[in-house]
Structure formats: structure tokens, C-alpha cells
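> Number 113 in UniProt numbering belongs to position 113 of the sequence shown; there are no gaps in the numbering.
I have a structure here, written as C-alpha cells, and I will follow up with some questions on it.
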Amino acid sequence: MGCCAFWRANSIVPVVDTGRRKDMTLASKDDKNLKQVLDKIEGMDEPARAVMRRMHDVIVAAAPELKPRIWYGMPGYAKSASSPVLVFFRNDELMSLGVSEKATLKPAGGKDGLLIPAAWYFQDLDDLTEQRVAEIVRAAVG
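This is the structure in C-alpha cells:
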């Protein structure tokens with residue numbers, strides 16, 4: 001437990017910090033961030049909106065510990081509100097899924113040598129693509 005003080009009518013009033021305020025703040029920040037992500041997706045035109053809803057669902061199902069937030073104007077997912085984004089998706093001319101440099105990254109190997117895959121373009125999602133997205137997300141989280 002910590003103690004801090006604030007000024008009130010020319011006197012210092014001690015305030016005991018039980019930690020509950022921090023927990024409530026983090027929860028409300030996570031809720032606010034989630035709402036911003038969902039609002040961003042809902043603001044997209046069809047058919048991208050439906051695809052991006054599914055992409056969001058696939059990401060949070062693959063790694064429920066990830067917390068969504070807006071990152072460079074689009075949905076991003078991190079382990080906490082203050083930690084680096086690991087996975088993100090965009091809706092520009094083409095839709096894309098990406099992993100940031102903070103994700104767990106490994107060279108592809110084989111004919112790709114030391115190249116590290118970090119972004120994938122798509123126009124729609126099917127079962128096979130959703131499975132691959134889930135694999136990518138789990139690998140990025142580590």
C-alpha cells in the first residue's frame with residue numbers, strides 16, 4: 001500500500017492507495033481501447049467491415065491475453081495497454097495482417113533463407129486463412 005497527498009484548501013490530505021484505483025483504471029483503459037478498435041472496424045465500409053470483424057475475432061480467439069488498441073490509426077494487439085503492439089491489421093487499398101518488430105520473429109528458412117515474414121495481404125477470409133492467421137498470432141505472441 002502506498003500513500004500520497006494532494007492539496008486541498010491550503011492543507012495536505014493524505015490519500016491511501018489500495019491499488020484498486022489502478023486496477024479500475026487499467027480495466028477502464030482496456031475497455032476504452034477495445035471500444036475504439038470496435039468503433040474503427042464499424043466505421044469501415046462493407047465488405048471490409050465484415051472481414052475485419054472476423055479478423056478481430058480470430059486474433060482474440062487465438063491469443064485471448066492480447067489487448068486491442070488503436071495503433072497508427074488501425075487495430076493493434078499487445079499484451080497490455082502499455083506494452084508494444086505485436087500484431088495489427090490494416091484496411092488500405094488491400095487489407096493486411098502484420099506483426100511488429102516487437103513480436104517473436106524467426107527466419108522463414110528454406111528457400112526464403114533469413115527473411116522474416118512480417119506482413120500478409122488478403123481480400124477475404126476463409127477457414128484455411130483464419131487457421132493460418134491464428135498460427136501467425138500465436139507465433140507472434142511467443
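Built from N, CA and C at the ideal position, the CB exists for glycine as well.
Taking 8 Å as the cut-off, does the segment 86-106 touch the segment 122-130 (at least 3 CB pairs, one atom from each stretch)?
Because the criterion of three Cβ pairs below 8 Å is met, the segment 122-130 and the segment 86-106 touch.
> Relative to the alpha-carbon of residue 141, which residue among 49, 48, 60 has its alpha-carbon at the smallest distance?
Of the candidates 49, 48, 60, the one whose C-alpha sits nearest the C-alpha of residue 141 is 60.
> On the CB-based measure, 16 or more other CB atoms within 10 Å of its CB, does residue 78 come out buried or exposed?
Residue 78 comes out buried.
> In this structure, does DSSP put residue 66 in helix, strand or coil?
Residue state, collapsed to three classes: coil.
> Apart from the five residues just before and just after residue 144, which ones in its own chain have a Cβ nearer than 8 Å to its Cβ?
No answer is possible for residue 144: it lies beyond the span of the chain, which begins at 1 and ends at 142.
> Classify residue 128 as buried or exposed, calling it buried when 16 or more other Cβ atoms lie within 10 Å of its own Cβ.
It counts as exposed.
> Which residue spans inside the UniProt domain "YdhG-like" (49-141) form an unbroken alpha helix (DSSP H) run of at least 4?
Complete alpha helix (DSSP H) runs here, min 4: 127-141.
> Whose C-beta lies closer than 7 Å to the C-beta of residue 117 among residues of the same chain, with five residues either side of it excluded?
Around residue 117: 108.
> Nearest to residue 102 by alpha carbon, out of 114, 130, 137, 74?
That would be 137, whose Cα lies nearest to the Cα of residue 102.
> Does residue 32 get closer than 7 Å to chain D when you measure Cβ to Cβ?
Of the protein chains in the structure, only one exists, and it is not chain D.
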